[in-house]
Every structure is written in C-alpha cells, then in structure tokens.
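Residue numbers (the numbering used here): 7 to 410. Backbone N, C-alpha and C define an ideal beta-carbon position, used for all residues, glycine too. Below is one structure, written out as structure tokens, with a few remarks after it.
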C-alpha cells in the first residue's frame, strides 16, 4: 500500500500524470464540493484558540493538503476574523512534488504577504516546542496510510500477506469489488492473491495485542491495523499537548485539531478497497494507478494520544456541519449569489456534504484539544464523552470472512 501510493516516481500520489482529485480524478473530497466545509472547520479552530489561548500567536498545520482547497478556505476565514497583522506560519505535510506545486499555486496570493508556508515530508519535522498555538486539520489523510491485515488463529495473530502468481485466473483479491472497464495490459501476466502466514510473527503478535479491544476478538476474526496511524496519531498528540519544561515553565501552548475521514469508533477487518474513476475496483488492479484506502479505527487513533490531549467524538460529518451552522452560512451565500445556476450549485454542494446516505454519514469527525479545554467549551461535541472507553461492541464489524 505504501509502495503503490508513495513510490517516488510511480506512486499514485507522486506521479503527476495521475488525475487524483475532482471530477476528472478518481475521487472527490468535501472541500472540493463546497467552500462551506472549510469555512466551518476554520470557525471551529478559531473558537478553540479564542477560548484557551487568545493571547498567543497561532500557526496552522495540515496533513495531506491535496490541492490546497481546504487550507485556502481556512485561511480566508482566519484572515477575516483573526488577522492582527502578525505573521502566520502554515505547515503542510506533503511528500509529492507535483502536489506541492498545486498547493503553492493555490495558496500563494498577494493579500497573504504575512502568511509564510512551510512544506514537510513528515509530521516529525514540525517543531513541538513553539510559542504558537497549533490548529491542525487532517482530511482524508489517515485512510491512505498502510495497514496490516491479521487473522486470529489458535496459534495467535497470523498476518495475511500478498503473493504473486503467473496464472491470471488465480487472483483472489476482493469478492465485492468491480472489474473496471479500463483494459489491463496482458503483459506481464502477473496476478496477486492473499495468503495467510503459517505462524504468528513478532510484528503480527505485537500489532494484534496493541489494544485491549483486539485481544478480546474471537478466533477467526480478521483485523486491519495500522502502526503508522498510531505513530502519526501520537505525533499529533505531541503537537497539540501543552508542553512544559523540567521546572514547570510552559514551552508550548498546545493546540486543537480536527480529523475527518472514513471510518468509525471501532476496528475493521475487511474495509481495504481501491478507487478508479470514482468506482470501487479490485485492489490488485493496476497497482500505482488506483487510490487505495482503508477505514480509520478512530478508537485506535484516540488510544495513541489520549494521555496527551482530550479527544471528542467522532461524530458524523452531517452532525458536525449542521451543529456548526451550515444552514445559516448557506442563507448568506444564497443572498449573494447572482445567478440561479450559482444558487443551485451552492445548494447541491451543501446537500452532498450532509447526505445521510453518503458523505454525511461516511465521513466521521474527531476533535482534539489540549488538556486546558473543558468539555463544555468543545461544541459541537458537548454531549459526547471526552474519552470513550473502548469495549468489545466497537469491534462488532470486524470481519470473520475468509479472504484467502
């Protein structure tokens, strides 16, 4: 998964010949559909800064900025509501040179002379000790991180591996995926299949026991688990936690963040899939030319940082946007729209964002604050516990299906 998406020259996100986003690409994201999404995200971030650190300067961080649309919308609101003339540092974690070029073209504007952009290959490159309050967003970032697939057997946790085969008819990747209409070259005639390792390995044993929720799963269960998600989640917690020196002096005011992605507050066993031209296709179809994704286990993400920060949710994107006032913002946009076509576009975009049968339900929103924030301050998550206690019920959708 890592190789197919991030190979330096042939990876899906690295090859500038690939149309990744938008109607001509393989998928479309919430920020690309409507500016309202990014505007309401910005309002939430600013509200947290104002409630806990309004005397501090702030910086913006985005993991996987895509074409820069979300950060562009966030910056527009930030500069309107909280521009005190100071420099604003924006940190963008992006490994693709072609995507960096798109982001630079989108974000560099004449009215943003005091905004300084910094690109990083890894979240680890962003300094944790700073006098700036950190406002972080990650939209459809964690779902693209590599996963391991494990099966619980009588021997322990065995890993599901990928094997090659020169017989095309032996490929057994995903029973429910569609074969794309795009023709696949007959040469070379390699195909792939999933095989279960005969014995548990050190890696599979550690991963399978890395959460009490996983340990409680019955024999036969399949589990998708990402140590990369856990590691980066930990770094997010470090960026947003209040930092103090050995003598108790505050060295960083911490921050807040929103993570928006496919998934739920539980583990999954068979969510790994591929997208090509807005359709689900076989995960082994043209490796490097398709988007690969797996649902995010938000409970695991919270476990990675819960001792450092407060976590709230996740709630559905529909719940988040409606509670943040999407209808009021729509009324304002509709009043300024000059044509019927523009009004229809605004309404259609908003409907897609909150569609209970689509994006409104599929996307989940997780909020993160430093430990200085109180539950009552974190709207729209006020009726959610600050830390969910994971239990066996959160694993009820972990697959027991044989994927071999």
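Three-way DSSP call (helix, strand, coil) for residue i in this model
{"i": "residue 84", "result": "helix"}
{"i": "residue 136", "result": "coil"}
{"i": "residue 233", "result": "helix"}
{"i": "residue 77", "result": "helix"}
{"i": "residue 100", "result": "coil"}
{"i": "residue 55", "result": "helix"}
{"i": "residue 374", "result": "strand"}
{"i": "residue 212", "result": "helix"}
{"i": "residue 36", "result": "helix"}
{"i": "residue 90", "result": "coil"}
{"i": "residue 114", "result": "coil"}
{"i": "residue 188", "result": "With a pLDDT of only 46 at residue 188, under the threshold of 50, the placement of this residue in the model should not be trusted, and no figure is reported."}
{"i": "residue 106", "result": "helix"}
{"i": "residue 239", "result": "helix"}
Nearest neighbour of residue i, chosen from the options [CA to CA]
{"i": "residue 199", "options": "290, 214, 105 and 276", "result": "290"}
{"i": "residue 249", "options": "203, 133 and 92", "result": "133"}
{"i": "residue 88", "options": "109, 65 and 243", "result": "65"}
{"i": "residue 121", "options": "98, 258, 135 and 315", "result": "98"}
{"i": "residue 268", "options": "251, 303 and 68", "result": "303"}
{"i": "residue 275", "options": "256, 287, 226 and 261", "result": "226"}
{"i": "residue 366", "options": "375, 346, 321 and 331", "result": "321"}
{"i": "residue 316", "options": "332, 337, 285 and 378", "result": "378"}
{"i": "residue 150", "options": "370, 279, 386 and 310", "result": "279"}
{"i": "residue 319", "options": "169, 272 and 124", "result": "272"}
{"i": "residue 299", "options": "285, 204, 305 and 335", "result": "285"}
{"i": "residue 263", "options": "375, 207, 131 and 103", "result": "375"}
{"i": "residue 370", "options": "57, 324, 236 and 293", "result": "324"}
{"i": "residue 160", "options": "223, 142, 111 and 135", "result": "223"}
{"i": "residue 152", "options": "235, 305, 56 and 60", "result": "235"}
{"i": "residue 117", "options": "124, 35 and 94", "result": "94"}
{"i": "residue 48", "options": "35, 76 and 63", "result": "76"}
{"i": "residue 328", "options": "344, 342 and 386", "result": "386"}
{"i": "residue 138", "options": "114, 204, 63 and 338", "result": "63"}
{"i": "residue 335", "options": "347, 346, 170 and 352", "result": "352"}
{"i": "residue 158", "options": "124, 112, 213 and 115", "result": "213"}
{"i": "residue 119", "options": "91, 239, 347 and 228", "result": "91"}
{"i": "residue 261", "options": "253, 219 and 243", "result": "243"}
{"i": "residue 115", "options": "85, 142, 103 and 104", "result": "85"}
{"i": "residue 53", "options": "83, 72 and 71", "result": "83"}
{"i": "residue 72", "options": "101, 56 and 50", "result": "101"}
Identity of the residues DSSP links to residue i by a beta bridge
{"i": "residue 166", "result": "155 and 202"}
{"i": "residue 65", "result": "95 and 140"}
{"i": "residue 322", "result": "370"}
{"i": "residue 316", "result": "375"}
{"i": "residue 171", "result": "197"}
{"i": "residue 122", "result": "95"}
{"i": "residue 345", "result": "DSSP, once it has assigned bridges, lists no residue as partnering residue 345."}
{"i": "residue 249", "result": "258"}
Integer-rounded CB distance, given that residue j should sit under 8 Å from residue i
{"i": "residue 307", "j": "residue 140", "result": "Not quite, the Cβ-Cβ distance comes to about 17 Å (not below 8 Å), so this is no contact."}
{"i": "residue 74", "j": "residue 108", "result": "6 Å"}
{"i": "residue 356", "j": "residue 314", "result": "Not confirmed; about 35 Å, so no contact."}
{"i": "residue 45", "j": "residue 79", "result": "6 Å"}
{"i": "residue 39", "j": "residue 359", "result": "6 Å"}
{"i": "residue 126", "j": "residue 266", "result": "The Cβ separation is near 20 Å, so there is no contact."}
{"i": "residue 388", "j": "residue 373", "result": "Wrong, their Cβ atoms sit about 11 Å apart, outside the cutoff."}
{"i": "residue 81", "j": "residue 147", "result": "Contact flag wrong, Cβ pair sits at about 18 Å."}
{"i": "residue 58", "j": "residue 258", "result": "Wrong, their Cβ atoms sit about 13 Å apart, outside the cutoff."}
{"i": "residue 217", "j": "residue 309", "result": "6 Å"}
{"i": "residue 171", "j": "residue 203", "result": "No, residue 171 and residue 203 are not in contact; Cβ-Cβ is about 17 Å, not under 8 Å."}
Near the ligand GTP: residue i beta-carbon under 7 Å from a heavy atom
{"i": "residue 123", "result": "The ligand GTP is absent from the structure shown, which contains no ligand whatsoever."}
Point to revise | Sequence ranges, alpha helix (DSSP H) only - wholly within the segment 256 to 312, length at least 4 | key: 304 to 309
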